[in-house]
Amino acid sequence: DQQVKQNSPSLSVQEGRISILNCDYTNSMFDYFLWYKKYPAEGPTFLISISSIKDKNEDGRFTVFLNKSAKHLSLHIVPSQPGDSAVYFCAAYRVPSGTYKYIFGTGTRLKVLA
Amino acid sequence: SAVISQKPSRDICQRGTSLTIQCQVDSQVTMMFWYRQQPGQSLTLIATANQGSEATYESGFVIDKFPISRPNLTFSTLTVSNMSPEDSSIYLCSVISGASYNEQFFGPGTRLTVL
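Order-wise, the sequence lines are chains F and E.
When we follow the working numbering, the leftmost residue of the first sequence carries the number 1, and every step to the right adds one.
When we follow the working numbering, the leftmost residue of the second sequence carries the number 1001, and every step to the right adds one.
Now the structure itself:
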């Protein structure tokens, strides 16, 4: 049972435009969500996170939106740059569990075209 | 954030052998974890490496196959034992440092190919 899903395996966007990456989850107990970026031959790099008490968190060009009723979160990158080309993973976990067990999605490969 | 290194960065091994992967952090960290990313799959938590005691394994992972050590707050090893081609994956360690308990930071990974 895939509790965190990224239904788009790939996405291509023109440089300067907005990239929107989507993530859906099924477990309503998740209360903390994260986005990671991964380049080839490197480990995932933390990008941005959001707690379930918020519906938006912004950090520079990156904004994460959380829709709890729809169990959906999205990552917006504006403006997109060629260096943003990477695989993006969303992750979720339940803070009160104390286990720090992240559940990851399968990733979306973003390609930003110059 | 903590600087994390892993050795080896990649290896090609024969079926039936074992490989030990090292994870070194440049500062003391609260928690350390080991993940696996099989080809085309998401990252899956193998276990939490506990300092001074046995690791806590996730469902589907056992100590005999993936023994883990964590002798101090900056170092851990993961051994992949009696390897088969199905063990071909990227193995990653991650840490939680004192700055934030909600964000994990990952090492560069070890790419393992089993022939």
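For each residue, glycine too, the CB sits at the ideal point set by N, CA and C.
Contacting residues, own chain, Cβ-Cβ under 6 Å from residue i (five flanking each side not counted)
i	result
E/GLN1104	SER1094, ILE1096
E/ILE1068	ALA1047, ALA1049, ALA1055, LEU1078
E/ILE1090	GLN1037, GLY1109, ARG1111
F/SER49	LEU34
Beta-carbon contacts of residue i that lie in its chain and below 7 Å, excluding the five residues immediately before and after
i	result
E/ASP1026	ALA1002, VAL1003
F/PHE46	LEU34, TYR36
F/THR26	GLN3, LYS71
8 Å contact criterion, which residue i and residue j should meet: CB distance rounded
i	j	result
F/SER19	F/LEU113	Rounded, the Cβ-Cβ distance is 11 Å, inconsistent with contact.
E/GLN1006	E/GLN1028	Rounded, the Cβ-Cβ distance is 18 Å, inconsistent with contact.
F/ILE103	F/VAL4	5 Å
E/GLN1037	E/LEU1043	5 Å
E/THR1074	E/ARG1010	Not quite, the Cβ-Cβ distance comes to about 23 Å (not below 8 Å), so this is no contact.
F/LEU21	F/SER74	6 Å
F/GLY60	F/TYR88	F/GLY60 to F/TYR88, Cβ: 16 Å. No contact.
Extent of the continuous beta strand (DSSP E) run through residue i
i	result
E/ILE1021	1019-1025
E/SER1076	1075-1080
E/GLN1006	1004-1007
E/ILE1090	1089-1096
E/GLN1038	Run containing E/GLN1038: none; DSSP gives neither H nor E here.
E/ILE1012	1010-1013
F/TYR88	86-93
E/VAL1113	Correcting the residue type first, residue 1113 of chain E is Thr in the shown sequence and not Val. 1110-1114 is the extent of the beta strand (DSSP E) around E/THR1113.
F/GLU58	56-59
Cutoff 8 Å; reference residue i; Cβ partners in own chain excluding five residues on either side
i	result
F/TYR100	TYR93
E/SER1088	GLN1038, PRO1039, LEU1112, THR1113, VAL1114
| Are three or more beta carbon pairs between the stretch 1012-1025 of chain E and the stretch 1075-1082 of chain E nearer than 8 Å? | yes
| field | Proximal residues, the stretch 20-48 of chain F versus chain E, C-beta separation under 7 Å | value | TYR32, LEU34, GLU42, GLY43, PRO44, PHE46
| So does the stretch 7-21 of chain F actually touch the stretch 78-96 of chain F, counting three or more Cβ pairs closer than 8 Å? | yes
| In the stretch 86-108 of chain F, which residues sit with their C-beta less than 9 Å from some C-beta in chain E, listed in chain order? | PHE89, ALA91, TYR93, VAL95, THR99, TYR100, LYS101, TYR102, ILE103, PHE104, GLY105, THR106, GLY107
| query | In chain order, what residues of the stretch 1102-1114 of chain E put their CB closer than 7 Å to some CB of chain F? | reply | ASN1102, GLU1103, GLN1104, PHE1105, PHE1106, GLY1107, PRO1108, GLY1109
| task | Quick one: which residues of the stretch 1069-1102 of chain E get their C-beta closer than 7 Å to a C-beta of chain F? List them in chain order. | result | LEU1092, ILE1096, ASN1102
| When Cβ atoms are compared, which residues of the stretch 1006-1039 of chain E fall closer than 9 Å to chain F? | GLN1006, SER1009, ARG1010, MET1031, PHE1033, TYR1035, GLN1037
| Positions along the stretch 1045-1070 of chain E whose CB lies within less than 9 Å of some CB in chain F | LEU1045, THR1048, THR1056, GLU1058
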